[in-house]
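K.L.:
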Amino acid sequence: MKKISFIGLGPVGLCMAVCFAAKGYQVTAFEKDASKANQIKSGEPYFYEPHLEEFLQKTQNKNLRIVTNNEEAVLQSDITFITVGTPAKRNGTINLRYLTEASKEIGKSLKKKKEAHLIVVKSTVTPGTTQNIVKPLVEKNTGRKCGKDFFLCFNPEFLREGNAIKDVLEPDYIVIGGYNQKSAGMLKELYNEFHKEHLPSIIQTNIPTAELMKYANNTFLATKISLINTMANICEKIPGADVTKVAEAIGKDHRINPHFLNAGLGWGGSCFRKDLQALITFSKERGYRPMLLEATCRANDLQIKFTIEKIKEKLKKIDGKRIAVLGLAFKPNTDDIRESQSIKLVEQLQKEGAKVTAYDPMAIPNTRKTLDKGINYALSAIECLKNSDCAILATEWEEFKKLKPEDFVQNMKTPILIDCRRLYNQEKLSKQLCYIAIGLGELAEPQL
Ligand code: UDX
Numbered sequence: 003m004k005k006i007s008f009i010g011l012g013p014v015g016l017c018m019a020v021c022f023a024a025k026g027y028q029v030t031a032f033e034k035d036a037s038k039a040n041q042i043k044s045g046e047p048y049f050y051e052p053h054l055e056e057f058l059q060k061t062q063n064k065n066l067r068i069v070t071n072n073e074e075a076v077l078q079s080d081i082t083f084i085t086v087g088t089p090a091k092r093n094g095t096i097n098l099r100y101l102t103e104a105s106k107e108i109g110k111s112l113k114k115k116k117e118a119h120l121i122v123v124k125s126t127v128t129p130g131t132t133q134n135i136v137k138p139l140v141e142k143n144t145g146r147k148c149g150k151d152f153f154l155c156f157n158p159e160f161l162r163e164g165n166a167i168k169d170v171l172e173p174d175y176i177v178i179g180g181y182n183q184k185s186a187g188m189l190k191e192l193y194n195e196f197h198k199e200h201l202p203s204i205i206q207t208n209i210p211t212a213e214l215m216k217y218a219n220n221t222f223l224a225t226k227i228s229l230i231n232t233m234a235n236i237c238e239k240i241p242g243a244d245v246t247k248v249a250e251a252i253g254k255d256h257r258i259n260p261h262f263l264n265a266g267l268g269w270g271g272s273c274f275r276k277d278l279q280a281l282i283t284f285s286k287e288r289g290y291r292p293m294l295l296e297a298t299c300r301a302n303d304l305q306i307k308f309t310i311e312k313i314k315e316k317l318k319k320i321d322g323k324r325i326a327v328l329g330l331a332f333k334p335n336t337d338d339i340r341e342s343q344s345i346k347l348v349e350q351l352q353k354e355g356a357k358v359t360a361y362d363p364m365a366i367p368n369t370r371k372t373l374d375k376g377i378n379y380a381l382s383a384i385e386c387l388k389n390s391d392c393a394i395l396a397t398e399w400e401e402f403k404k405l406k407p408e409d410f411v412q413n414m415k416t417p418i419l420i421d422c423r424r425l426y427n428q429e430k431l432s433k434q435l436c437y438i439a440i441g442l443g444e445l446a447e448p449q450l
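By my numbering, the letter at position 235 of the sequence shown is numbered 237, and the numbering carries on one by one without gaps.
(1) Measuring CB to CB, does M364 end up less than 9 Å from Y50?
(2) Put Q133 into one of helix, strand or coil per three-state DSSP.
(3) Please determine whether the Cβ atom of K403 lies at a distance below 8 Å from any heavy atom of ligand 1.
(4) What's the C-alpha gap between D321 and C237?
(5) Is it the case that the CB of A265 approaches a heavy atom of ligand 1 more closely than 8 Å?
(6) Quick check on the burial criterion: 16 or more other C-beta atoms within 10 angstroms. Buried or exposed for T144?
(7) For A393, which residues does DSSP report across the bridge?
(8) Is the Cβ-Cβ distance between T298 and L317 less than 9 Å?
(9) Let's see if you can read the secondary structure: which residues bound the alpha helix (DSSP H) around L192?
(10) Spatial neighbours of A24 within its chain, please: CB distance less than 7 Å, with the 5 preceding and 5 following residues excluded, ordered by chain position.
(11) Comparing C-alpha positions only, which one of Q428, I282 and I313 sits nearest to D391?
(12) Can C299 be considered in contact with ligand 1, in the sense that its beta carbon sits closer than 8 Å to one or more heavy atoms?
(13) Following the continuous alpha helix (DSSP H) through S125, name the residue where it begins and the one where it ends.
(14) Tell me whether K333 counts as near ligand 1, meaning its Cβ is closer than 8 Å to at least one heavy atom of that ligand.
(15) Where does V170 land, buried or exposed, given buried means 16+ other C-beta within 10 angstroms?
(16) Can you tell me whether G441 is buried or exposed? The criterion is at least 16 other CB atoms within 10 Å of its CB, across all chains shown.
(17) Just the Cα atoms here: how many angstroms apart are K226 and G268?
(18) Given this structure, state the Cα-to-Cα distance separating I135 from R324, to the nearest angstrom.
(19) Within the present structure, is the beta-carbon of E400 separated from the nearest heavy atom of ligand 1 by less than 8 Å?
(20) Going by C-alpha distance, which of F83, K319, G266 and L328 is nearest D303?
(21) What residue from N235, T336, L295 and K276 has the CA that sits closest to A90's CA?
(22) What whole-angstrom Cβ distance do A280 and G94 have, given they're in contact under 8 Å?
(23) So, at 8 Å on beta carbons, what are the nonlocal neighbours of L98 in its own chain, with the 5 sequence-adjacent residues on each side left out?
(24) Just to check, is the beta-carbon of I339 closer than 8 Å to a non-hydrogen atom of ligand 1?
(25) Around the C-beta of K239, are 16 or more other C-beta atoms found within 10 angstroms, so that it is buried, or is it exposed?
(26) Given the structure, does Q206 come close to ligand 1, in the sense that its CB is under 8 Å from one of the ligand's heavy atoms?
(27) Confirm, please, whether the CB-CB distance from I84 to L105 is below 9 Å.
(28) Just how far apart, CA to CA, sit A383 and Y181?
(29) Could you tell me if the beta carbon of C237 falls within a distance shorter than 8 Å of some heavy atom in ligand 1?
(30) Quick check: the stretch 13–20 against the stretch 147–164, are there 3 or more CB pairs under 8 Å?
(31) Beta-carbon within less than 7 Å of N235's beta-carbon, same chain only, minus the 5 sequence neighbours each way: which residues are those?
(32) As a quick exercise: from I204, P210 and E385, pick the residue whose alpha carbon is nearest that of K415.
(33) Quick check: what's the CA-CA separation for S79 versus H119?
(34) Taking M252 as the reference, which of A393, N264 and G443 has the closest Cα?
(35) R288: buried (16+ other C-beta within 10 angstroms of its C-beta) or exposed?
(36) Would G270 pass as a contact of Q350 if the rule is Cβ separation under 9 Å?
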């Protein structure tokens with residue numbers, strides 16, 4: 003079995019490292035940030051991901067070693083995955099600082115190695131980056147030739163937070179952008195060995211096409227969500243129309259499929275916005291304005307505005323009102339609040355003078371670190387509802403499903419609930435409280 007190394011232990015790098023180690027590979031994983039590396043070494047990941055801790059404790063100090071120097075990782079392996087972050091700059095372009103640094107260091111380390119080595123870029127990078135940045139930096143620092151003395155691929159990941167381990171073990175498909183046939187062949191061989199009889203389809207192409215595939219995947223998903231949110235906003239103008247039924251129907255069309263058709267407060271997370279902005283900027287710099295992608299972003303931003311309008315419709319004004327916000331994470335089963343629409347809603351409510359009480363099963367510690375003061379954090383959903391003028395279901399955590407109509411009626415000052423994630427059943431709730439939902443056209447009077 004080939005020996006594997008990972009450079010950068012964020013969600014992608016660490017989840018892949020533990021999965022390869024769990025399959026028996028010898029894995030050396032490098033993290034530059036000593037505090038993160040130490041926390042991982044202690045057996046406790048510095049972020050929540052289902053099953054990650056269990057996998058880490060199963061593999062740590064057996065065939066997974068966490069190191070804090072690049073050279074040890076590269077020289078102890080045959081294949082190096084670059085899994086560093088490529089965050090967005092203020093102007094929307096991609097920040098390649100970590101990738102550039104990693105490429106230089108890998109080059110310096112490789113200088114000390116004779117045997118063939120495969121470098122696999124997994125970080126999301128705009129088309130052209132692997133060949134115009136990574137390749138020359140490694141060649142310059144090793145003094146060797148790409149495609150001959152070392153090999154290079156781009157291999158995007160499609161991991162969803164909260165499902166990352168599963169998405170590593172059972173990807174829908176694998177993309178291999180090979181610098182040359184030999185490079186692609188080496189990576190193909192690894193994935194054949196890793197997945198065995200469960201090998202998914204492998205799409206082999208050139209590197210720039212592979213780099214674009216990642217953006218195409220994410221921008222398509224974000225656009226699909228903005229499309230169903232557009233349908234939701236139209237439904238709200240039609241008494242009795244219900245976007246969840248529209249989604250159920252069109253999802254039956256095999257060309258559409260039922261996934262990513264949940265209308266709501268909009269999409270968040272560290273990837274969609276970053277990747278959309280990066281691709282929009284990348285395209286405009288090259289003379290093409292991707293209006294559809296710009297509209298995808300704009301439609302998403304407007305979901306916050308429309309929710310504020312719903313609250314104003316019911317409360318007449320927001321200033322001085324007590325608003326209960328259920329859910330802060332960008333989606334359920336994660337403590338991650340990056341680009342969370344729930345957080346953006348809280349910030350807008352505060353701007354309009356609301357007194358916000360918020361509860362989230364996991365994301366309160368991260369929220370405390372980022373949002374300025376002024377939010378009252380509750381220890382439970384029920385406590386969050388107490389004496390509030392209006393409640394917003396912002397993130398669809400499973401535990402919020404257990405709330406019954408009486409929980410709202412008995413604890414709230416005025417039982418008004420805005421269901422931003424269609425978690426609840428209108429029939430059950432609207433008899434006992436004022437229930438407003440995204441994508442539900444209000445009926446003048448309930449129809450039989
Ligand atoms: C996404 C991509 O799915 C993944 O392939 C890529 O590698 C990283 O970015 P992630 O950001 O973890 O993964 O979350 P995802 O499950 O895609 O949800 C993104 C956002 O869309 C969340 O805020 C979620 O609430 C929202 N969403 C998702 C909807 O609003 N409606 C849906 O139907 C699905």
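The beta-carbon is built from N, C-alpha and C at its ideal position, and this holds for glycine as well.
Because the structure is a prediction, the values reported are computed rather than measured.
P.N.:
Result, derived from the coordinates:
(1) Residue mapping note: residue 364 aligns to position 362 of the sequence shown, counting from 1. Residue mapping note: residue 50 aligns to position 48 of the sequence shown, counting from 1. Yes, they are a contact pair.
(2) Within the sequence shown, the letter at position 131 stands for residue 133. The answer is helix: DSSP assigns Q133 an H, G or I state.
(3) Counted from its first residue, the sequence shown places residue 403 at position 401. Flag unset: Cβ of K403 not near ligand 1.
(4) Against the sequence shown, residue 321 aligns to sequence position 319. Against the sequence shown, residue 237 aligns to sequence position 235. If I take the Cα positions, the gap works out to 28 Å.
(5) For the purposes of this step, residue 265 is taken as the residue at position 263 of the sequence shown. Yes - ligand 1 has a heavy atom lying nearer than 8 Å to the Cβ of A265.
(6) By one-based count along the sequence shown, residue 144 stands at place 142. Buried is the call here.
(7) As a working note, residue 393 is residue 391 in the sequence shown. A393 pairs with A326 and L419.
(8) Taking the first residue of the sequence shown as position 1, residue 298 is located at position 296. Taking the first residue of the sequence shown as position 1, residue 317 is located at position 315. No.
(9) Mapped onto the sequence shown, residue 192 falls at position 190. Residues Q183 to H197.
(10) Within the sequence shown, residue 24 is the residue found at index 22, counting from 1. Non-local beta-carbon contacts of A24 in its own chain, meaning distances under 7 Å to residues more than five positions away in sequence, involve F57, K60 and T61 in chain order.
(11) Start at 1 with the first residue of the sequence shown, and residue 391 comes out as number 389. For D391, the nearest C-alpha among the options comes from I313.
(12) Reading the sequence shown from its first residue, position 297 is the one you call residue 299. Because no heavy atom of ligand 1 lies under 8 Å away, the Cβ of C299 does not count as near it: no.
(13) Taking the first residue of the sequence shown as 1, we reach residue 125 at position 123. Looking at the DSSP string, S125 is not in any alpha helix (DSSP H), and its letter there is neither H nor E.
(14) To locate residue 333, count along the sequence shown from 1; it is residue 331. Yes, since a heavy atom of ligand 1 falls inside the 8 Å radius drawn around the Cβ of K333.
(15) For the purposes of this step, residue 170 is identified with residue 168 of the sequence shown, where counting begins at 1. Buried is the call here.
(16) As a position in the sequence shown, residue 441 is number 439, starting the count at 1. Buried, because 16 or more other Cβ atoms sit within 10 Å of the Cβ of G441.
(17) Here residue 226 corresponds to residue number 224 of the sequence shown, with the count starting at 1. Here residue 268 corresponds to residue number 266 of the sequence shown, with the count starting at 1. Going by the C-alpha atoms only, they are around 11 Å apart.
(18) Counting from 1 along the sequence shown, the entry for residue 135 is found at position 133. Counting from 1 along the sequence shown, the entry for residue 324 is found at position 322. One C-alpha to the other measures close to 52 Å.
(19) The residue given as residue 400 occupies position 398 in the sequence shown. No, ligand 1 has no heavy atom inside 8 Å of this Cβ.
(20) Reading the sequence shown from its first residue, position 301 is the one you call residue 303. It is G266 whose Cα lies nearest to the Cα of D303.
(21) Counted from its first residue, the sequence shown places residue 90 at position 88. Of the candidates N235, T336, L295 and K276, the one whose C-alpha sits nearest the C-alpha of A90 is K276.
(22) Residue mapping note: residue 280 aligns to position 278 of the sequence shown, counting from 1. Residue mapping note: residue 94 aligns to position 92 of the sequence shown, counting from 1. Their Cβ separation, rounded to whole angstroms, is 7 Å, which keeps A280 and G94 in contact under 8 Å.
(23) For the purposes of this step, residue 98 is identified with residue 96 of the sequence shown, where counting begins at 1. If we look at L98 and ignore the five residues flanking it on each side, its Cβ neighbours are T88, V127, T131 and I135.
(24) Mapped onto the sequence shown, residue 339 falls at position 337. Checking the Cβ of I339 against ligand 1 gives no.
(25) Here residue 239 is taken as the residue at index 237 of the sequence shown, counted from 1. Exposed: under 16 other Cβ atoms inside 10 Å.
(26) Here residue 206 corresponds to residue number 204 of the sequence shown, with the count starting at 1. No, since every heavy atom of ligand 1 falls outside the 8 Å radius drawn around the Cβ of Q206.
(27) One-based indexing of the sequence shown puts residue 105 at position 103. One-based indexing of the sequence shown puts residue 84 at position 82. It should be noted that the sequence gives Ser, not Leu, for residue 105. It is a contact, given that the beta carbons lie within the stated cut-off.
(28) The sequence position of residue 383 within the sequence shown is 381, counting from 1. The sequence position of residue 181 within the sequence shown is 179, counting from 1. Each residue's alpha carbon lies about 53 Å from the other.
(29) Within the sequence shown, numbered from 1, the residue matching residue 237 stands at position 235. Remark: the shortest separation between the CB of C237 and any heavy atom of ligand 1 does not fall under 8 Å.
(30) yes
(31) Along the sequence shown, read from residue 1 onward, the residue named residue 235 stands at position 233. Contacts found: F308.
(32) Start at 1 with the first residue of the sequence shown, and residue 415 comes out as number 413. Cα-wise, what sits closest to K415 is E385.
(33) Numbered from its first residue, the sequence shown carries residue 79 at position 77. Numbered from its first residue, the sequence shown carries residue 119 at position 117. Each residue's Cα considered, the two are about 8 Å apart.
(34) In the sequence shown, residue 252 corresponds to position 250, counting from 1. The question names Met, but residue 252 in the sequence shown is Ile. Out of A393, N264 and G443, N264 has the C-alpha closest to the C-alpha of I252.
(35) Position 286 of the sequence shown holds residue 288. Its Cβ having fewer than 16 others within 10 Å, R288 is exposed.
(36) To locate residue 270, count along the sequence shown from 1; it is residue 268. To locate residue 350, count along the sequence shown from 1; it is residue 348. For G270 and Q350, no; Cβs fall outside 9 Å.
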